[in-house]
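With the first letter of the sequence shown counted as 1, position 352 gets the number 915 in the numbering used here; the numbers rise by one all the way through.
Glycine included, each C-beta is placed from N, C-alpha and C at the ideal position.
If you're wondering where the values come from, they're calculated on a predicted model, not measured in any experiment.
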Amino acid sequence: MNNRKWKYLFIFIIFLILIYTFSGSYTANSMDNLAYVVAIGIDASENDKMKVSFQFIPNSAMTTEGGSSDDSEPIVNTVESSSIETAINLMNVYIGKELNLAHCKVIVFSEEFAKNGVSTTIYTLTNNTELRPSTNIIISRCNADYYIKNSKPSLETLVTRYYDIFPNSSKYTGYTANVTIGDFYNRILCDTCQCTAILGGTNSNNNSANTKNDSDIISDESSISGKRETENIGLAIFNGDKLVGELNAIETLCHLINTNDVSTFILSVPNPNDETQMLDISMSHKRKDKVYVDTSSGTPYISLNIKLTGKILTVTSDSNYIDENNLKSIGNYTNSYLESTISNYLYKTSKEFKSDIDSFGRYAIRKFLTEDDWNNYDWFNKYKDAFFNVTVDADIKSSHLLTES
């Protein structure tokens with residue numbers, strides 16, 4: 564290689580280094596021109612418009628988790644517009660920075676807005692390349708603006724950490740669910756299942772006295788109090804893209820049991836030996852539920868076989884959970900209690916809400932040879948007339964400490 568070629572190669576390498584160096588500087592500097600949205604709240608407004616609230620945290624909080632509380636205090640700004648994209652554009656002008664949705668953790672719709680349909684907003688948001696499919700969807704029983712303003716972390720430094728963590732509680736409580744915009748979008752388009760969303764609200768304790776059992780609670784009606792004035796208990800139910808109803812804690816648990824989306828859960832059942840007392844039992848699936856759907860007639864017949872294992876947590880002075888007959892009695896009572904509770908939940912979703920949120924349609928579609936046959940059967944219309952047969956087989960044991968003592 565002659566000297567001229569070496570010279571050109573050297574210039575080319577220097578050119579690449581300069582491009583890399585300055586492009587990096589540009590990227591670093593451009594962060595100062597971005598406003599990172601961590602939550603979006605959408606409320607209904609007059610004249611067919613929407614009120615959109617954006618929750619931000621300062622850019623300094625995006626790069627460190629060790630800042631002071633003042634550095635990470637969320638900021639909420641609200642704008643009224645005819646669409647979500649217009650709202651983003653107007654907010655860009657107001658704050659003088661470009662909104663970035665890459666760190667958005669939750670999208671909150673108020674009940675009033677969701678009852679009128681959310682598909683246009685969902686389609687627009689999922690079309691935004693910055694928004695992650697893992698962003699959670701919440702339906703708030705209070706205004707969405709109020710919800711995000713009062714979702715203050717009590718055990719975390721940053722509100723983003725709280726938004727990341729709270730949906731995971733569904734795996735060990737069953738009282739809420741981890742519903743993302745990706746799941747929601749897919750279910751809107753699905754012809755074998757329908758949509759759900761996390762149910763949020765305040766914890767003002769105004770209605771807690773009306774709740775008989777702990778498992779009957781729902782957002783806005785629990786006895787919880789604390790620094791954060793919001794809570795996420797229950798499930799919002801959709802028919803198509805419109806909100807049609809809500810589930811309380813125990814009904815949400817039934818949904819997660821049927822869909823195998825809960826790892827362990829605590830079930831409170833009346834003590835068969837003394838119905839004035841409640842027994843707390845830690846339960847989990849022994850295997851996936853067996854589901855059978857009969858579509859041979861115009862009315863679907865759906866059978867569920869659920870096999871669980873449980874360990875009694877409640878201990879009293881006269882507990883006798885080592886006795887096999889006593890354990891069998893508790894097991895039989897637990898089976899009957901769950902069969903009745905799950906059946907009531909299923910008939911509520913089919914008769915009252917007319918919504919197949921448990922995805923039984925994916926079992927039913929296997930009975931049809933062609934897509935036209937499936938479409939002609941009109942599953943969602945048939946589902947409201949479905950009959951259910953629920954069988955629960957729970958293997959109840961005493962706690963390990965009592966067994967070994």
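Residues that residue i bridges to, as DSSP identifies them
{"i": "V601", "result": "According to DSSP, which records beta bridges pairwise, V601 is partnered with nothing at all."}
{"i": "M846", "result": "F828, G873"}
{"i": "V642", "result": "V615"}
{"i": "G808", "result": "I800"}
{"i": "K891", "result": "DSSP output for K891 lists no bridge partner at all."}
{"i": "L867", "result": "V854, V953"}
{"i": "G764", "result": "E794"}
{"i": "F672", "result": "I605, I702"}
{"i": "P833", "result": "M841"}
{"i": "N749", "result": "Answer is none; N749 lacks a bridge partner."}
C-beta atoms of residue i and residue j nearer than 8 Å
{"i": "N596", "j": "K660", "result": "yes"}
{"i": "T897", "j": "I959", "result": "yes"}
{"i": "G764", "j": "S782", "result": "yes"}
{"i": "W942", "j": "T755", "result": "yes"}
{"i": "D852", "j": "L842", "result": "no"}
{"i": "V656", "j": "I605", "result": "no"}
{"i": "V955", "j": "I865", "result": "no"}
{"i": "E648", "j": "T698", "result": "no"}
{"i": "V615", "j": "S644", "result": "yes"}
{"i": "I728", "j": "H818", "result": "no"}
{"i": "Y735", "j": "T827", "result": "yes"}
{"i": "I844", "j": "I875", "result": "yes"}
Candidates the options, of which the one nearest residue i by Cα
{"i": "S913", "options": "N802, S697, E675", "result": "N802"}
{"i": "D948", "options": "R704, S918, T877, H666", "result": "S918"}
{"i": "I751", "options": "D804, Y855, I700", "result": "D804"}
{"i": "S1002", "options": "L816, L653, F950, E674", "result": "Lying outside 564 to 968, the shown extent of the chain, residue 1002 is not represented and no answer is given."}
{"i": "N749", "options": "V955, S922, T933, G861", "result": "S922"}
{"i": "E792", "options": "Y735, A707, L876", "result": "A707"}
{"i": "R929", "options": "P833, Y855, E902, S961", "result": "Y855"}
{"i": "P621", "options": "T723, T698, C705, P696", "result": "T723"}
{"i": "V639", "options": "G789, F619, N691", "result": "F619"}
{"i": "L932", "options": "L871, L901, T858", "result": "T858"}
{"i": "Y725", "options": "D777, G680, V832, C667", "result": "C667"}
{"i": "D777", "options": "K945, S788, S831, R850", "result": "S831"}
{"i": "T692", "options": "A665, L718, C705", "result": "A665"}
{"i": "S703", "options": "N834, C758, A799, S682", "result": "A799"}
{"i": "N766", "options": "I787, K945, S860", "result": "I787"}
{"i": "S860", "options": "F617, L718, Y946", "result": "Y946"}
{"i": "N944", "options": "V953, S961, P863, N952", "result": "P863"}
Straight-line gap, residue i to residue j (C-alpha atoms, nearest Å)
{"i": "G873", "j": "L890", "result": "11 Å"}
{"i": "N836", "j": "M846", "result": "20 Å"}
{"i": "N510", "j": "L762", "result": "Since the first and last residues shown for the chain are 564 and 968, residue 510 lies out of range."}
{"i": "L694", "j": "F747", "result": "14 Å"}
{"i": "S771", "j": "D779", "result": "No answer about S771 holds up, because its pLDDT of 49 lies below 50 and its placement is not dependable."}
{"i": "I685", "j": "S899", "result": "40 Å"}
{"i": "W937", "j": "F916", "result": "22 Å"}
{"i": "D935", "j": "T822", "result": "27 Å"}
{"i": "I893", "j": "E887", "result": "10 Å"}
{"i": "E675", "j": "F950", "result": "32 Å"}
{"i": "S631", "j": "K715", "result": "Unreliable positioning characterises S631 in this predicted model, as indicated by a pLDDT of 38, which lies under 50. The coordinate reading is nonetheless provided below. When rounded, the distance between both Cα atoms is 15 Å."}
{"i": "E636", "j": "I651", "result": "21 Å"}
{"i": "S785", "j": "I700", "result": "21 Å"}
{"i": "I576", "j": "I658", "result": "41 Å"}
{"i": "H848", "j": "N811", "result": "21 Å"}
{"i": "R925", "j": "G745", "result": "18 Å"}
{"i": "I905", "j": "N895", "result": "15 Å"}
{"i": "M613", "j": "A957", "result": "48 Å"}
{"i": "N663", "j": "S608", "result": "24 Å"}
{"i": "G680", "j": "S673", "result": "11 Å"}
{"i": "A677", "j": "T689", "result": "17 Å"}
{"i": "E838", "j": "E902", "result": "18 Å"}
{"i": "C753", "j": "Q840", "result": "44 Å"}
{"i": "L721", "j": "K790", "result": "14 Å"}
{"i": "N834", "j": "N939", "result": "48 Å"}
{"i": "S682", "j": "C758", "result": "11 Å"}
{"i": "D824", "j": "G797", "result": "14 Å"}
{"i": "L871", "j": "I829", "result": "12 Å"}
{"i": "L806", "j": "C705", "result": "14 Å"}
{"i": "V953", "j": "L653", "result": "52 Å"}
{"i": "P696", "j": "A927", "result": "28 Å"}
Check: residue i C-beta below 7 Å from any heavy atom of the ligand ATP
{"i": "P716", "result": "The ligand ATP is not part of this structure, which contains no ligands at all."}
Note to self: Within 8 Å, do at least three Cβ pairs link the stretch 725–745 to the stretch 905–912?
What the structure shows: no
Notebook entry, point to check: Between the stretch 599–607 and the stretch 711–728, do at least 3 Cβ pairs fall closer than 8 Å?
Noted result: yes
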